[in-house]
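Numbering (my numbering), first residue to last: 4 to 231. Every residue, glycine too, gets a C-beta built ideally from N, C-alpha and C. Bear in mind the structure is a predicted one, so any value in this text is a computation, not a measurement. A short write-up of the structure that comes next.
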């Protein structure tokens, strides 16, 4: 019996060490996201103001959203006792859901306006470079957060991973729309349409999170088949 007790104690300590290691990884990826997206978001807003691009504004706004979302997740996992905190998890998910909905409304309004008035953005090489860097970096960070979220069974971290991945998609589509517009000026509608599609996905995701949290605050599977 004593041997079994010692073994269980060792297993418990190993699990605690593993949880702490994952918590530190989650904090590190989110802090990197905050720092990177602050610089990327400022640069994106400047480029969007110069080119008056819908997807540029959407990308810049999504960078700002990612900064706020990553900051929430940093708060969620800050402190050694916060790994399994249901209260922090619930608050973080609700705040993320609200952020998703609000930012998507702003993106849809701007993109729809540009479609209606047939606004064609200017094209700059700086936008293409910025979009490429943002797309690659956010893809890596999004994958890392998603894997950590699955390991830690944290819905807030998975939500942040999805948001970062959407930032990567917006960045990539911004680069693609620049290339297409260069060869086919009539393809300018790809810019605002892409922004609207991503914003709708963001809004549906945020609304689903809020509805699930309202009915069952202990768990919020964002996607069917994703166990967290």
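State buried or exposed for residue i, treating a residue as buried only when at least 16 other CB atoms are found within 10 Å of its CB.
i, result
"residue 23", "exposed"
"residue 21", "exposed"
"residue 101", "exposed"
"residue 9", "With a pLDDT of only 47 at residue 9, under the threshold of 50, the placement of this residue in the model should not be trusted; the figure read from the coordinates follows. It counts as exposed."
"residue 55", "exposed"
"residue 82", "exposed"
"residue 185", "exposed"
"residue 229", "Only weak support exists for where residue 229 lies, its pLDDT of 40 falling under 50; the value from the coordinates is given anyway. When all chains shown are included, residue 229 counts as exposed."
"residue 214", "exposed"
"residue 61", "buried"
"residue 139", "exposed"
"residue 45", "exposed"
In angstroms, rounded to a whole number, what distance separates the CA positions of residue i and residue j?
i, j, result
"residue 163", "residue 197", "20 Å"
"residue 32", "residue 147", "8 Å"
"residue 199", "residue 106", "11 Å"
"residue 90", "residue 97", "11 Å"
"residue 206", "residue 65", "12 Å"
"residue 130", "residue 112", "22 Å"
"residue 191", "residue 116", "14 Å"
"residue 194", "residue 201", "11 Å"
"residue 154", "residue 40", "25 Å"
"residue 137", "residue 69", "12 Å"
"residue 208", "residue 188", "33 Å"
"residue 59", "residue 128", "13 Å"
"residue 63", "residue 156", "29 Å"
"residue 26", "residue 43", "25 Å"
"residue 225", "residue 175", "For residue 225, the pLDDT reaches just 43, beneath the cut-off of 50, and the residue's location in the model is therefore unreliable, leaving the point undetermined."
"residue 143", "residue 181", "23 Å"
"residue 37", "residue 212", "22 Å"
"residue 165", "residue 149", "7 Å"
"residue 28", "residue 52", "35 Å"
"residue 1", "residue 104", "The requested residue 1 does not occur in the structure, where the chain is confined to residues 4 to 231."
"residue 161", "residue 109", "23 Å"
"residue 92", "residue 35", "21 Å"
With respect to the alpha helix (DSSP H) encompassing residue i, which residues constitute its N-terminal and C-terminal limits?
i, result
"residue 137", "128-155"
"residue 116", "89-119"
"residue 186", "158-186"
Please check the pair residue i and residue j, which I expect to be a contact at CB under 8 Å, by giving their CB distance rounded to whole angstroms.
i, j, result
"residue 145", "residue 178", "Actually they are not in contact, since the Cβ atoms of residue 145 and residue 178 sit about 17 Å apart, beyond 8 Å."
"residue 171", "residue 141", "4 Å"
"residue 133", "residue 47", "6 Å"
"residue 159", "residue 79", "5 Å"
"residue 30", "residue 72", "Between residue 72 and residue 30 the Cβ distance is about 14 Å, and since that is not below 8 Å, they are no contact."
"residue 204", "residue 169", "7 Å"
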